[in-house]
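S.K.: Chains as they are written, first to last, in this note's numbering: chain L, 114 to 448; chain F, 724 to 839.
Cβ atoms here follow ideal geometry from the backbone N, Cα and C, with glycine treated the same way.
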Amino acid sequence: MSDAVIGALIFLVKFFLLFAIISVFVLYATWYERKVIGHMQQRIGPKRVGWHGLLQPVADMIKAFFKEDSIPRDADKLFFWSAPVIGTVFAMMAALAIPFGPPLVLFGRHITLDVVHLPSGILYMLAMLSLVSFGVIFAGLSTKSKYPIIGAQREVAQVISYELILATALLNPVIMAGSLDLTKIVDAQSHLWFIFYQPVAFVCFLISMFAVSARVPFDLPEAENELVAGFMTEFTGMKFSLFYFAQYVVIFTVSMLAVIFFFGGWLGPSFLPPVAWLFIKWAFFIFLYTWSWGTFPRYRYDQLMNISWLILLPIVIINILWTGFAIQFGLPYLH
Amino acid sequence: MSGYGEVMVAFILFSVIFAGMVIMSRMLAPKNPYKEKLDLYECGSPILQGGYKMDIKYYLLAIMFTLFDIEILFVVPWSVYARGLGIIGFIEVSVFIILLFAGYIYAYVKGALKWQ
């Protein structure tokens, strides 16, 4: 076989492996969240389908396939159909560039553990994460219904405000590592994780991480008791499930970004393989999402926007200047 | 295949997979539409007539977002080569950021960042 064919085969294997990992994660994240939230509220959570409800997500998926697909009479058909697909596709596209471990050498071939290896991986991921909000705005405006329109406007305004903070906070590790390549950023943390150099950037990133994926305490676009699930109100069956799919893929991706940029990625003591370390650290962030869901009340919309524009934005910009200053003058705490 | 070619292939594959899921559910699911089911969700207040209105705040927000996002894009090349560019590079990027900060303070004083 020629070199190109083997390259294409490796790409396809990695592609479907990533697809399988994310599908299993999304399915079992719903089970896990319901279970953990249940126990946090002194309930049991899913229990009936399978051992401790382990088959519940499979039952939910089958149900989603067989649910009636209802389209409102006034809706714009093309956009109504394409909105969930666009949102999910771009969320998955962002996950393509995540490196799951250091490059492998197998049978004399150099294999990177990300599906596509890009020299400016982080810029690509941020661009794709921004495009997810196109799915949301199409969903809201195509239905011509009032709650979806309000929900979509809110979600897009929130996501773009916080993506600014997210991108700016991630620039601090980039300044320290001197590269946009995710693998090189992890390698640069081999002596000390960036969280110890950049605690302020990490806190800003953590807050904007919750806001970008629209989860509690920043779940205003979907506020069940005021907006009836926001932009998803008119969607049923598979389309409705795809919006949830997209949301969980975004959670997956930004949690991976947090681990890669601040917690040393796959670096760890050698008694476990690197991929295991990556997923252990990542599981902590997934738990953090559920924990905050069970703990915090929702913010008001003006509070949400003020946190982003009046508090976090000046802090991250001053932090960038400080990092640049510290790099130039070789302050003792930097290598 | 190099990086961005693979991205394009992956885009097509993902589009086919997810559009296929929606179409498959459309074929498997029962269809029983009637007038009330196809109405928009109403919940007490009347549905929208004609177009929809958007608060002017969202336009202002979008303009501010564009401004700061482009600022970040200009800072990215410096941040990759921050070590190599030395003191001069740091002073230049500081001047750039401080100029933008003046714009930020102007927007704040004018009330463009205020939500009520």
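What is the rounded straight-line gap between the Cα of residue 734(F) and the Cα of residue 202(L)?
M.R.: For the purposes of this step, residue 734(F) is taken as residue 11 along the second sequence, with counting starting at 1. For the purposes of this step, residue 202(L) is taken as residue 89 along the first sequence, with counting starting at 1. Approximately 7 Å, taken between the alpha carbons.
S.K.: Quick one: complete alpha helix (DSSP H) runs, 4+ long, within the stretch 211-271 of chain L?
M.R.: 234-256
S.K.: Quick check on residue 759(F) - is its C-beta less than 8 Å from some C-beta in chain L?
M.R.: Taking the first residue of the second sequence as position 1, residue 759(F) is located at position 36. No, residue 759(F) lies away from the interface with chain L (no Cβ there is under 8 Å from its Cβ).
S.K.: Mind checking the stretch 396-421 of chain L against chain F and listing, in chain order, the residues whose C-beta falls within less than 8 Å of any C-beta there?
M.R.: 414, 415, 418 and 419
S.K.: Could you work out which residues of chain F lie near residue 230(L), taking near to mean beta carbons separated by less than 8 Å?
M.R.: Taking the first residue of the first sequence as 1, we reach residue 230(L) at position 117. By Cβ distance, chain F contributes 726.
S.K.: Note down, in chain order, every chain F residue with its Cβ under 9 Å from the Cβ of residue 291(L).
M.R.: Residue mapping note: residue 291(L) aligns to position 178 of the first sequence, counting from 1. Going along chain F in sequence order, the residues near residue 291(L) (Cβ under 9 Å) are 802, 803, 804, 805, 806 and 807.
S.K.: Against chain F, with Cβ distances strictly below 8 Å, would residue 169(L) count as a contact?
M.R.: For the purposes of this step, residue 169(L) is identified with residue 56 of the first sequence, where counting begins at 1. Cβ-Cβ to chain F under 8 Å: no for residue 169(L).
S.K.: Helix, strand or coil for residue 196(L)? Go by DSSP, reduced to three states.
M.R.: Stepping through the first sequence from its first residue, residue 196(L) is reached at position 83. Helix at residue 196(L).
S.K.: Looking at residue 253(L) and residue 266(L), is the spacing between their C-beta atoms short of 8 Å?
M.R.: To locate residue 266(L), count along the first sequence from 1; it is residue 153. To locate residue 253(L), count along the first sequence from 1; it is residue 140. It is a contact, given that the beta carbons lie within the stated cut-off.
S.K.: Note the first and the last residue of the continuous alpha helix (DSSP H) segment covering residue 817(F).
M.R.: Position 94 of the second sequence holds residue 817(F). It spans 805-832 - the alpha helix (DSSP H) in which residue 817(F) sits, taken as one unbroken run.
S.K.: Using only the alpha-carbon positions, how far apart do residue 722(F) and residue 407(L) sit?
M.R.: Nothing can be reported for residue 722(F): it is not among the residues displayed for chain F, which extend from 724 to 839.
S.K.: Output, in chain order, the set of chain F residues within a Cβ distance shorter than 7 Å of residue 461(L).
M.R.: Any answer about residue 461(L) is impossible in this case: the structure gives chain L only from 114 up to 448.
S.K.: Beta-carbon separation of residue 388(L) and residue 213(L) under 8 Å?
M.R.: The count along the first sequence starts at 1 and reaches residue 388(L) at position 275. The count along the first sequence starts at 1 and reaches residue 213(L) at position 100. A contact, by the Cβ cut-off of 8 Å.
S.K.: What does the Cβ neighbour count give for residue 397(L), buried or exposed, with the cut at 16 atoms within 10 Å?
M.R.: In the first sequence, the residue the question calls residue 397(L) occupies position 284. Result: exposed.
S.K.: Just checking my contact of residue 268(L) with residue 327(L) at CB under 8 Å: how many whole Å lie between their CB atoms?
M.R.: By one-based count along the first sequence, residue 268(L) stands at place 155. By one-based count along the first sequence, residue 327(L) stands at place 214. About 6 Å separates the two Cβ atoms, so the contact holds.
S.K.: Skipping 5 residues on each side, what residues in its chain have a beta carbon closer than 8 Å to that of residue 724(F)?
M.R.: As a working note, residue 724(F) is residue 1 in the second sequence. Confidence is the limiting factor: at residue 724(F) the pLDDT is only 46, short of 50, which leaves the residue's position unreliable and the question unanswerable from this model.
S.K.: In its own chain, which residues sit with a C-beta less than 8 Å from the C-beta of residue 372(L), not counting the 5 before and 5 after it?
M.R.: Position 259 of the first sequence, counted from the first residue, corresponds to residue 372(L). Answer for residue 372(L): 378, 391, 394, 395 and 398, listed in chain order.
S.K.: Along the chain, where does the alpha helix (DSSP H) that runs through residue 310(L) open and close?
M.R.: Here residue 310(L) corresponds to residue number 197 of the first sequence, with the count starting at 1. Looking at the DSSP string, the run of the alpha helix (DSSP H) that includes residue 310(L) is 307-310.
S.K.: If we count Cβ pairs, one from each stretch, closer than 8 Å, do we get three or more for the stretch 165-175 of chain L versus the stretch 435-443 of chain L?
M.R.: no
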